[in-house]
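Numbering (the numbering used here), first residue to last: 7 to 257. We put the CB at the ideal spot given by N, CA and C, even for glycine. Please read all numbers here as calculations on a predicted model, not as lab measurements. Below is one structure, written out as structure tokens, with a few remarks after it.
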């Protein structure tokens with residue numbers, strides 16, 4: 007069973023990850039590159055201004071959000087083929103991880119894995135990791151103001167886990183107490199709220215940021231649906247079949 011889970015997770019993750027990387031290349035990547043131009047321009051001193059002006063104008067994105075650091079001490083892929091390959095590899099590895107988590111969750115719940123069921127579970131996973139978390143932490147462009155990275159990560163993980171647990175309770179458990187507890191679990195992370203940025207500043211235009219947030223959520227939904235479909239089809243394809251010796255054995 008473990009070998010089958012790993013094989014299906016690898017197959018589904020590779021297929022969904024490559025498809026997702028291609029989709030990102032034409033949707034979110036151009037928006038990120040445009041935002042990086044604005045971020046770079048904001049760190050440059052104005053003509054005729056002393057060099058220190060760049061420190062006041064610039065936004066230390068790495069220190070503020072922890073998302074990335076443009077300093078020379080941290081490696082980052084060069085633009086072009088190197089960056090495309092790096093992004094593709096990261097997307098494929100993420101898809102494999104998501105596929106394995108989806109399979110493990112369905113098996114733990116006693117769910118029969120097929121394309122229809124895995125798509126339904128993938129939709130729930132998107133609600134937990136995309137919609138619920140996006141209410142408090144919408145996808146951000148480079149140059150956006152952001153709170154402490156660790157605090158944001160903790161809130162994201164807690165919100166995704168709480169939402170997934172709540173959806174399972176609402177759908178699979180009939181007890182009234184479980185229903186009420188699930189609704190409370192859905193609400194609590196948003197009552198607490200994520201950590202907020204010290205100052206609402208951004209180098210990218212608001213229109214670009216809004217376009218990126220909406221596009222990212224749509225792409226994230228497509229990502230989970232591709233994973234769900236790939237897991238369901240790969241699981242059925244790897245279903246154990248009678249061996250040739252067994253098939254030829256006399257009745």
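Taking only the alpha-carbon atoms, compute the straight-line gap between residue i and residue j and give it to the nearest angstrom.
| i | j | result |
| --- | --- | --- |
| residue 164 | residue 194 | 10 angstroms |
| residue 142 | residue 12 | 33 angstroms |
| residue 24 | residue 39 | 20 angstroms |
| residue 3 | residue 87 | Within the shown structure, residues of the chain are numbered from 7 to 257, placing residue 3 beyond reach of any answer. |
| residue 167 | residue 191 | 10 angstroms |
| residue 60 | residue 49 | Only weak support exists for where residue 60 lies, its pLDDT of 32 falling under 50; the value from the coordinates is given anyway. In a straight line, the C-alpha of residue 60 is about 5 angstroms away from that of residue 49. |
| residue 82 | residue 109 | 33 angstroms |
| residue 219 | residue 169 | 20 angstroms |
| residue 41 | residue 184 | 45 angstroms |
| residue 44 | residue 208 | 9 angstroms |
| residue 150 | residue 210 | 7 angstroms |
| residue 244 | residue 18 | 12 angstroms |
| residue 75 | residue 179 | The predicted model places residue 75 with a pLDDT of 43, which falls under 50 and marks its position as unreliable; any figure quoted below should be read in that light. When rounded, the distance between both Cα atoms is 45 angstroms. |
| residue 144 | residue 174 | 24 angstroms |
| residue 203 | residue 147 | 14 angstroms |
| residue 171 | residue 177 | 10 angstroms |
| residue 126 | residue 47 | 44 angstroms |
| residue 264 | residue 9 | Nothing in the structure corresponds to residue 264, since the chain is present only between 7 and 257. |
| residue 161 | residue 215 | 22 angstroms |
| residue 90 | residue 29 | 12 angstroms |
| residue 133 | residue 196 | 14 angstroms |
| residue 187 | residue 31 | 41 angstroms |
Going by DSSP, what residues sit across from residue i in a beta bridge?
| i | result |
| --- | --- |
| residue 208 | 150 |
Under 7 angstroms, do residue i and residue j count as touching if we go by C-beta distance?
| i | j | result |
| --- | --- | --- |
| residue 14 | residue 241 | yes |
| residue 221 | residue 33 | yes |
| residue 124 | residue 234 | yes |
| residue 22 | residue 239 | no |
| residue 206 | residue 154 | no |
| residue 223 | residue 140 | yes |
Considering only the alpha carbon of each residue, which of the options lies closest to residue i?
| i | options | result |
| --- | --- | --- |
| residue 237 | 103, 31, 28 and 213 | 103 |
| residue 228 | 112, 115 and 131 | 131 |
| residue 101 | 89, 37, 187 and 16 | 16 |
| residue 225 | 105, 158 and 137 | 137 |
| residue 217 | 26, 181 and 36 | 36 |
| residue 99 | 182, 27 and 181 | 27 |
4-residue-minimum alpha helix (DSSP H) runs that sit fully inside the segment 150-178, ordered along the chain: Taken in chain order, the complete alpha helix (DSSP H) segments of 4 residues or longer contained in the segment 150-178 are 155-178.
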